[in-house]
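Asker: Take this structure first; my questions come after.
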């Protein structure tokens, strides 16, 4: 009975050590690749289909809107308007939830023509994806 208990205890300690090592290693990798101080941060994602979406991404000091499909990534727009840029950054920093994608377009009404162009591009992307 003592031998069985010692064997079980040894196995438990070994498995616990392995689990802690794996946890530590994964945390270290996530901090290295996806840390908050990193240069690339996805701020918002809006799905059209499971494999087609638009993403607002901060790369260094730039914010870009990307159209992403299963086979390609297309840069749709740079966010250069200082007011829009500051609002996106502040909203992203001040809340645990990211800014709603539709809100980005709501306060950016002066670029309504560009929004319509974006909608047309997305519709075209969906049609191309359905054909494949």
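Numbering (my numbering), first residue to last: 12 to 143.
Backbone N, C-alpha and C fix where the C-beta goes; we use that ideal spot for every residue, glycine too.
Quick caveat, the model's predicted, so the values are computed rather than measured.
State whether the segment 55-66 contacts the segment 74-93, with contact taken as three or more CB pairs (one from each stretch) at a distance under 8 Å.
Answerer: Taking 8 Å as the limit for Cβ pairs, the verdict is that the segment 74-93 does touch the segment 55-66.
Asker: Please report how far the alpha carbon of residue 73 lies from the alpha carbon of residue 142, in whole angstroms.
Answerer: On the chain shown, position 62 is the one that residue 73 refers to. On the chain shown, position 131 is the one that residue 142 refers to. Going from the Cα of residue 73 to the Cα of residue 142 covers about 34 Å.
Asker: Thinking residue 54 and residue 99 are a contact (beta carbons under 8 Å), I'd like their distance in whole angstroms, please.
Answerer: Working through the chain shown from its first residue, we reach residue 54 at position 43. Working through the chain shown from its first residue, we reach residue 99 at position 88. With a Cβ gap of about 7 Å, residue 54 and residue 99 count as contacting.
Asker: Do you know whose CA, among 129, 50 and 75, lies nearest residue 92's CA?
Answerer: Within the chain shown, the letter at position 81 stands for residue 92. Looking at the Cα atoms, 75 is the closest of the given residues.
Asker: Residue 70 and residue 50 - do their beta-carbons sit closer together than 9 Å?
Answerer: By one-based count along the chain shown, residue 50 stands at place 39. By one-based count along the chain shown, residue 70 stands at place 59. Result yes, Cβ atoms of residue 50 and residue 70 sit closer than 9 Å.
Asker: What is the DSSP secondary structure of residue 85, reduced to helix, strand or coil?
Answerer: Locating residue 85 in the chain shown gives position 74, counting from the first residue. Strand.
Asker: Please return the same chain residues whose Cβ sits closer than 7 Å to the Cβ of residue 96, not counting the five positions on each side in sequence.
Answerer: Against the chain shown, residue 96 aligns to sequence position 85. Contacts found: 74 and 90.
Asker: Short of 6 Å in beta carbon distance, which residues of its chain neighbour residue 85, apart from the five on each side in sequence? Order them along the chain.
Answerer: Sequence index remark: in the chain shown, residue 85 carries index 74 (1-based). Excluding positions up to five away in sequence, the list reads 78.
Asker: Do residue 87 and residue 137 count as a contact pair if the criterion is CB distance below 9 Å?
Answerer: Translated into the one-based positions of the chain shown, residue 137 becomes position 126. Translated into the one-based positions of the chain shown, residue 87 becomes position 76. Taking 9 Å as the Cβ cut-off, residue 137 and residue 87 do not qualify as a contacting pair.
Asker: Leaving aside the five residues before and after residue 52 along the sequence, list all residues of the same chain whose C-beta is less than 6 Å from its C-beta, in chain order.
Answerer: Here residue 52 corresponds to residue number 41 of the chain shown, with the count starting at 1. Taken in chain order, the residues that qualify are 69.
Asker: According to the Cβ coordinates, are residue 129 and residue 65 closer than 9 Å?
Answerer: The residue labelled residue 129 in the question sits at position 118 within the chain shown. The residue labelled residue 65 in the question sits at position 54 within the chain shown. Yes, these two residues count as a Cβ contact at 9 Å.
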